[in-house]
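2 protein chains.
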Amino acid sequence: MKIKYNLIKKAGNARYGKLETNYGTYETPMFMPVGTLANVKTLVPEELKDVNSGIILSNTYHLWLRPGEDIVAKAGGLHKFMNYDGPILTDSGGFQVFSLVKDKKKDITEQGVHFKSHIDGKPLFLTPELSIQIQNKLDSDIAMSFDECIPPNASYEYTKASTERTLRWAKRGKKVFDNERQSLFGIVQGGAFSDLRKYSAEETVKLDFDGYSIGGVAIGEEKPVTYQMIDDAIKYLPENKPRYLMGVGEPLDIIEGIERGVDMFDCVLPTRLARHGNAFTPYGKINLKNAKYKQDFEPIDVECDCYTCQNYSKAYIRHLMVAKESLGGRLLSIHNIRFLIKLTEDARAAIKNESYQEFKEKFINKYQK
Amino acid sequence: MKIKYNLIKKAGNARYGKLETNYGTYETPMFMPVGTLANVKTLVPEELKDVNSGIILSNTYHLWLRPGEDIVAKAGGLHKFMNYDGPILTDSGGFQVFSLVKDKKKDITEQGVHFKSHIDGKPLFLTPELSIQIQNKLDSDIAMSFDECIPPNASYEYTKASTERTLRWAKRGKKVFDNERQSLFGIVQGGAFSDLRKYSAEETVKLDFDGYSIGGVAIGEEKPVTYQMIDDAIKYLPENKPRYLMGVGEPLDIIEGIERGVDMFDCVLPTRLARHGNAFTPYGKINLKNAKYKQDFEPIDVECDCYTCQNYSKAYIRHLMVAKESLGGRLLSIHNIRFLIKLTEDARAAIKNESYQEFKEKFINKYQK
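Going down the list, the protein sequences come from chains A and B. Numbering-wise, this note's numbering puts 339 at position 339 of the first sequence, and it's gapless, one number per residue. Numbering-wise, this note's numbering puts 1067 at position 67 of the second sequence, and it's gapless, one number per residue.
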């Protein structure tokens, strides 16, 4: 079935809602952990359920290259392949073409994007149709339109032309889309230009997607610009569809995004931070490799309900990180993902209680001190 | 409390027994997974319990260097530090001095061994007393005497002198041993010389340890030599104490060891193989990176009851290994450890049923075909 968004309560622009999916109903705003290569790095599905994760994200570009969408399809789709019986969102590959390809060189044509594989340099050609066809085969619950992620320094002229092309790509992708149990989201681009964000949002909405995402933000511009880009797009998005802010996972950005009416967030940040020994805490990020945790036998956060904080000390995790034992990254991934999911749970409670501003101020005061 | 071994049934020399420990009673013969740095690589304690693991091993040499025995002691001992409420055996560091130290250069004196850290080349000096004192602080359930692991090519003269020194070291370690809830095992050396194995076994037994291990085997010599070394030592060990064959984890060696009267085995093999994509199966080892598993949607072993085989296909694990996702090694570690533990469970059942020879032949025929 197509996903269905039910708006239950608003507090300012912040929204509390419920998202009906093929795999149950989940509350929003939500944070979606990223499972790039059909796994959230180091973790199994049971651990994601334990941290109260709902939708997870997986990457079309990565799965296209390895193991290939046909193998995933033969396995019975992405859920069966990776043993995850929860909802999965696949991105379109547009962001990876922007951020990951070999030498960052690409040739963007009306037809699609020519670039080289980040693995072996092999020439590749990704089109809006192919992105959708791969996602149809992966059989995720939510697919994304193929877009160009515009660099932060792009000119008005370039941004306008690219935004218009992304709209044409969205139409082409929608045309070939063929999976009844999958939903399709459109992506609003427009760079840092308010009128282009408005144009992109309005034109994308006209195409009637199952949800809308705001793309091309938090990729290098200053925070006020990021927040302005969200404001410029979101006011033209319909109330009855979910809004997804792509690639955003910093706690403060999540809080600002929720305040502006965003329902869904994803980011590799919790697992990437974990691999480098970093943990979120209510008082900001800490790095467990720091010598001061050598004899700190307290958990990362005494108030955290995650498996890691219930069972392990900072000293133990520090030891694992220093000794390069991958269990350290695993334990930190559990904690960091739980931290962001708990943040959205608290945000939801605050919206329901009409206390979002107090919640926000309290969190920020603690987190930044 | 000191461990207590109860011999329940013999089939030839093979023994079925029970080992009472500080953390419950476990059946033998048993395979002990290795948690070198206070974790069985990639796994949490719950996963070890799930595969029906009993005693696990941890390495004194590694923990001495990182995080240091004083930090483990301050954490409340190794169990609390790593959150494992099952029995733990620590080795003495003797094997690591033999196999791991920088440039493999060491200076063995009567007092102890001078060598360089494998991490930073720092000069280190490990003595029989220090090894025991470190283990006392780590507060494992079973500590091992400090010994010299004699190279396979050593002369009779060298082996005799070293074996005698190891006996003197065993006495010295026993003298300083000071931990009431910890047991202490002696180690039989003697190289590939039957008379020296006899001498070492008899003299070690005279020192009255809580258990005896056979050391210096399976480190490069041919299989018949390995098995002879076990035979040459084990017949002089008392029936009422557990016998531990150190560092042995190949399925066929475990089966031969059990037949000869060994009760305990340990090896890094299941986790090391896992990290390289290898899995035990009843038909021998397979490497999941092999292209032939690309579209193999069956589990590694349809009859295996482990979490990995219950939930994941060879194609998925192959994908994880090829994409260098550490979850692949984690899933394979679970399977490989379960495989060796199940092997000992089946061996125990066969001893109880007086069908050990049939069990052995059946296993070998399948495994080697």
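We treat Cβ as the ideally placed atom computed from N, Cα and C, and that holds for glycine. This one's a predicted model, so the numbers in the text were calculated from it and none came from an experiment.
Taking C-beta to C-beta, are residue i and residue j nearer than 7 Å?
i	j	result
residue 186/A	residue 201/A	no
residue 116/A	residue 97/A	no
residue 87/A	residue 5/A	no
residue 1132/B	residue 1177/B	yes
residue 354/A	residue 11/A	yes
residue 1094/B	residue 1147/B	yes
residue 58/A	residue 38/A	yes
residue 1003/B	residue 1017/B	no
residue 41/A	residue 271/A	yes
residue 1001/B	residue 1264/B	no
residue 333/A	residue 89/A	no
residue 14/A	residue 351/A	yes
residue 1284/B	residue 1367/B	yes
residue 1314/B	residue 1296/B	yes
residue 189/A	residue 166/A	yes
residue 1045/B	residue 1083/B	yes
residue 1215/B	residue 1275/B	no
residue 1375/B	residue 1257/B	Because chain B is modelled from 1001 through 1369, residue 1375/B falls outside the range shown and cannot be assessed.
residue 163/A	residue 184/A	no
residue 327/A	residue 312/A	no
residue 944/B	residue 1151/B	With chain B represented from 1001 up to 1369, any question about residue 944/B goes unanswered, as that position is not in the structure.
Terminal residues of the continuous alpha helix (DSSP H) containing residue i?
i	result
residue 1016/B	First-last for residue 1016/B: 1014-1021, but that is the beta strand (DSSP E), not the alpha helix (DSSP H).
residue 253/A	251-259
residue 114/A	First-last for residue 114/A: 113-116, but that is the beta strand (DSSP E), not the alpha helix (DSSP H).
residue 219/A	Premise fails: residue 219/A is in no alpha helix (DSSP H) and is neither H nor E.
residue 1317/B	1314-1322
residue 366/A	356-368
residue 1295/B	That residue, residue 1295/B, is in no alpha helix (DSSP H); it is neither H nor E in DSSP.
In chain B, which residues lie less than 9 Å from residue i when you measure between Cβ atoms?
i	result
residue 75/A	1295, 1297, 1313, 1315 and 1316
residue 326/A	1041, 1042, 1326, 1329 and 1330
Taking DSSP as the reference, what is the three-state secondary structure of residue i?
i	result
residue 33/A	strand
residue 1306/B	coil
residue 1235/B	coil
residue 1150/B	coil
residue 1158/B	helix
residue 1052/B	coil
residue 276/A	coil
residue 74/A	helix
residue 329/A	helix
residue 1243/B	strand
residue 1201/B	helix
residue 84/A	coil
residue 265/A	strand
residue 57/A	strand
residue 138/A	helix
residue 1038/B	coil
residue 1089/B	strand
residue 229/A	helix
Give a yes or no on whether the minimum CB-CB distance between residue i and chain A is below 7 Å.
i	result
residue 1323/B	yes
residue 1270/B	no
residue 1275/B	no
residue 1338/B	no
residue 1066/B	yes
Quick check on residue i - is its C-beta less than 7 Å from some C-beta in chain B?
i	result
residue 81/A	yes
residue 37/A	yes
residue 33/A	no
residue 71/A	yes
Under DSSP, the beta strand (DSSP E) around residue i begins and ends at which residues?
i	result
residue 1027/B	1024-1028
residue 186/A	183-188
residue 1005/B	1004-1011
residue 123/A	123-126
residue 284/A	284-287
residue 1213/B	1211-1214
residue 108/A	106-108
Give me the chain A residues within the contact set of residue i, using Cβ-Cβ distance strictly less than 7 Å, ordered along the chain.
i	result
residue 1320/B	39
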